[in-house]
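**Student:**
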Amino acid sequence: MNQPVLELKNLKKHFISSNGVFSRNKTTVKAVDGIDLTVNSGETVGLVGESGCGKTTVGRTVLKLYEPTSGSIIFDGEEITNFSPRQMKPVRSKLQMIFQDPYSSLNPRHTIGSIIASSYEIHGIHPEGGVKKAVQNLLDRVGLNPEHINRFPHEFSGGQRQRIGIARALALRPKLIIADEPVSALDVSIQAQVVNLLDDLQKEMGLSYLFIAHDLSVVQHISDRVIVMYLGKIMEEAKTSQLFLNPRHPYTKALLSAVPIPDPEIERNRERIVLSGDLPSPANPPSGCVFSTRCWKATEKCHQIAPPLVEISIGSKVACHFPEGN
Amino acid sequence: MSAHNYLEVKKLNVSFPTEDGLVAATSDLTFSLARGETLAIVGESGSGKSVSSLAIMGLHNRARTNISGEVILNLPTGSLELLSSSEDTVRDLRGKEMAMIFQDPMSSLHPYFSVGAQIAEAWLLHNKGNKSDGLKRAIEMLELVGIPLPVERVHDFPHQFSGGMRQRVMIAMALVNNPSLLIADEPTTALDVTVQAQILKLLRDMQKEFNMAIILITHDLGVVAEFADRVNVMYAGKNVEEAPVHDLYYKPAHPYTLGLLRSIPRVDQIDTHRLQTIPGQPPSLINLPMGCAFAPRCPYKELVPNNLCTTKNPELSNFADNHLTRCHLTHDQIESVR
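Those sequence lines, one after another, are chains A and B.
Each residue of the first sequence is one higher than the one before, counting from 154 in this note's numbering.
Each residue of the second sequence is one higher than the one before, counting from 3 in this note's numbering.
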């Protein structure tokens, strides 16, 4: 059970952009700046943070859609950091992705049958009973009518399209699915249906998920462990119940207190931390702790020395000089 | 509610003729709102919440929209019905008496003009003065909404601001003429939660300062719990429930509201059970089902005799004091399924 499917060690992804055609100045955006992360078999790890924190870049770098700048990616016991696209092809059958926008991630000119079947074609796999049968089984499994195999994406609603995206990701029986904001484009009543589907599929097929999202309430529900990112770095990592009930990093605490609770009595009487300012630019991060510019506990030490991510109790890590509570 | 209401919407119907048929975006919408009060309109995409607010503001395309009902503003000078008023009359009110902010602050600001010029324009349209008076007013507004260094930043362009700062600029522009009614259409949906908290706080402060009536359009039941006084839940173009915020969360009276409240996970509780869901999906607004639009997804329709739910559309009726619902279930039946 506790075999790691994915291990990231000191992974970095820096983007270099020049400031204009004739400029010699280059800006380095440290989108992901040295993170360690493990996803065990059958586990769901939630990766949360605000826009620009690097969570999507982590997902894309793991899939090698971006070349990592440094560090290592170990998938299923194999170091894939420097794999060529040709070497990656067989790996990708075990490592799939679900995208946020169910409208732009399905080719509008292909039937959903051919969209799902293309996974088999690309990898030269001949499923038992034929491709059509396999696709129909998948559609049935994700809660769509198998007779709709010849329909086009525009004939489906957003929630149904997300189910098609899930069916496509499942076709090759992957070990790990990277789900990048899979439910944030969906309406509340549809969101719950898709979250339950992901839960069921995990139990049935022993899948692992790296669940990337900004919606903390959905992450709370689906994750076993949660990692909080801020400006390319991990601020805190803990079991879900630990992180939500007893956050140790000030940023986690502020983030949780900013999420409105759908309960007027509790919502209006709770203590709220309103952070001032915006996320600093990742091209020009603050010195020392990256959160120090918005942290109410920051001291001179915080502005100068970046705190390392250290284990403060079993399975719980925090990168802060002055962690909250205990 | 009584005569002190600032805005009264009565039996508002909005529909669009399309190639595929008539889209009934909003039907039979009735509500009212006093100054200083916040009404949240909650619903999923396509439930008609944005269309209704555009119709109230007179921003719908008059040539391509069928619209009926009444939208009444009770101004100090007397009542005015907007739908039958001339476009000039509505244009004079828009931006002065009533203003609107939108979800995406980047696409609602003009990229070629400085934010100061855009705020000044909104002021100059309704006030006598020259450009420098307008700019002075813009600086005051930027300061009020919490933009640091307003004197310098008034000359900056929208792309030089972050998402949260742009929304502050939008709010400054909307409030520059001290309107009595503000319609906020998903004002924080595009923002991160920590920034959302800042913007909601700003809106609350501004409401106190100007004694505004606010219509908050959102799909986020957390934001509603935090911000609204009363809530109007919409489904498939109709308001299915209206109640004070406490009653809606603790004594919901419509099966759709009940389903919504049960299907959202929360950050303050660790849950390991499956989420409850509302089966199926919202109906097409072109082919609304016979009877209640929610009936195909409603788990309680069997409780009502004679297939009433799938044959007859329920009327909006009193469930309790100030609490309306559009459902065939009896009061006791609702209490028993809650």
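All residues carry an ideal CB built from backbone N, CA and C; glycine is no exception.
Can you tell which of B:G118, B:V117, B:G136 has the C-alpha that lies nearest to the C-alpha of W125 (chain B)?
**Tutor:** B:G136
**Student:** At a CB distance below 8 Å, what residues from the segment 337-371 of chain A approach chain B? Give them in sequence order.
**Tutor:** D340, V341, S342, I343, Q344, A345, Q346, V348, N349, D352, H367, L369, S370, V371
**Student:** Got a sec: is the Cβ-Cβ distance from V25 (chain B) to anything in chain A below 8 Å?
**Tutor:** Answer no: the Cβ-Cβ gap between V25 (chain B) and chain A never drops below 8 Å.
**Student:** For chain A, check one thing: does any of its Cβ atoms lie closer than 8 Å to the Cβ of A174 (chain B)?
**Tutor:** no
**Student:** In the segment 147-215 of chain B, which residue ranges form an unbroken alpha helix (DSSP H) of at least 4 residues, counting only runs that do not cross its ends?
**Tutor:** 152-155, 165-177, 195-212
**Student:** Buried or exposed, going by whether 16 or more other CB atoms sit within 10 Å of the CB of E46 (chain B)?
**Tutor:** By the 16-neighbour rule on beta-carbons within 10 angstroms, E46 (chain B) is buried.
**Student:** For a quick check, are the C-beta atoms of A332 (chain A) and I269 (chain A) less than 8 Å apart?
**Tutor:** no
**Student:** With C-beta atoms as the reference, is L318 (chain B) less than 8 Å away from A26 (chain B)?
**Tutor:** Not in contact: L318 (chain B) and A26 (chain B) (Cβ atoms no closer than 8 Å).
**Student:** Reducing DSSP to helix, strand and coil, say where Y252 (chain B) ends up.
**Tutor:** helix
**Student:** Considering only the alpha carbon of each residue, which of A:I265, A:L398, A:E389 lies closest to I272 (chain B)?
**Tutor:** The candidate whose alpha carbon is nearest that of I272 (chain B) is A:L398.
**Student:** For the beta strand (DSSP E) containing P403 (chain A), name the first residue and the last one.
**Tutor:** DSSP places P403 (chain A) in no beta strand (DSSP E) but in the uninterrupted alpha helix (DSSP H) bounded by 403-411.
**Student:** Is the distance from the Cβ of Q289 (chain A) to the Cβ of P280 (chain A) below 8 Å?
**Tutor:** no
**Student:** Can S265 (chain B) and V412 (chain A) be called in contact, C-beta distance under 8 Å?
**Tutor:** no
**Student:** For the segment 399-416 of chain A, which residues have a beta carbon sitting closer than 7 Å to at least one beta carbon of chain B?
**Tutor:** A407, L408, L409, A411, V412, P413, I414, P415, D416
**Student:** In three-state terms, what does DSSP make of Q249 (chain A)?
**Tutor:** In this structure, DSSP gives Q249 (chain A) an extended state, which the three-state scheme calls strand.
**Student:** Would you mind stating whether R207 (chain A) and I251 (chain A) have Cβ atoms separated by less than 8 Å?
**Tutor:** Just to set this straight, residue 207 (chain A) is Gly in the shown sequence, not Arg. No, Cβ-Cβ distance for G207 (chain A) and I251 (chain A) is not below 8 Å.
**Student:** Go through its chain and collect everything with a Cβ distance to M3 (chain B)'s Cβ below 6 Å, but skip five positions before and after it.
**Tutor:** Confidence at M3 (chain B) is low in this model, with a pLDDT of 43, below 50, so its placement is unreliable and the value that follows should be read with caution. For M3 (chain B), where only same-chain residues beyond five positions count, the Cβ hits under 6 Å are S34.
**Student:** Give the interface partners of E420 (chain A) over in chain B, defined as CB-CB distance under 8 Å, in chain order.
**Tutor:** G224, A227, E228
**Student:** Beta carbon of R447 (chain A), beta carbon of S429 (chain A): below 8 Å?
**Tutor:** yes
**Student:** Using DSSP's beta-bridge definition, name the partner residues of F18 (chain B).
**Tutor:** B:V25
**Student:** Taking the CB atoms as reference points, tell me whether V371 (chain A) and V336 (chain A) lie closer together than 8 Å.
**Tutor:** Yes. Within cutoff.
**Student:** Consult DSSP for A119 (chain B) and reduce its assignment to one of helix, strand or coil.
**Tutor:** helix
**Student:** Excluding the five sequence neighbours on either side, which residues of its own chain have a C-beta within less than 7 Å of the C-beta of K183 (chain A), listed in chain order?
**Tutor:** H167, G385, P435, P438
**Student:** Can you tell me which of the three DSSP states D377 (chain A) falls into?
**Tutor:** coil
**Student:** Between E46 (chain B) and chain A, is there a C-beta pair that is closer than 8 Å?
**Tutor:** At least one chain A Cβ lies under 8 Å of E46 (chain B).
**Student:** Below 8 Å between beta carbons: does that hold for P160 (chain B) and V197 (chain B)?
**Tutor:** no
**Student:** Express the C-alpha separation of N172 (chain A) and K179 (chain A) in angstroms, rounding to a whole number.
**Tutor:** Approximately 6 Å between the Cα atoms of the pair.
**Student:** When the cut-off is 8 Å and only beta carbons count, does S310 (chain A) lie next to chain B?
**Tutor:** yes
**Student:** Is the beta carbon of V242 (chain B) sitting closer than 8 Å to the one on Y258 (chain B)?
**Tutor:** yes
**Student:** In this structure, what does DSSP give as the bridge partners for D333 (chain A)?
**Tutor:** A:I365
**Student:** If you follow the beta strand (DSSP E) that T40 (chain B) is in, where does it begin and where does it stop?
**Tutor:** 40-44
**Student:** Measuring CA to CA, which of B:S29, B:K253, B:E72 is closest to S17 (chain B)?
**Tutor:** B:S29
**Student:** Kindly indicate if chain A contains any beta-carbon less than 8 Å away from that of Q283 (chain B).
**Tutor:** True, the Cβ-Cβ gap to chain A drops below 8 Å.
**Student:** Check K98 (chain B) in the structure and name its three-state DSSP category.
**Tutor:** coil
**Student:** Pick helix, strand or coil for K51 (chain B), following the three-state DSSP scheme.
**Tutor:** helix
**Student:** List, in chain order, every chain A residue whose beta-carbon is nearer than 8 Å to that of K203 (chain B).
**Tutor:** V427
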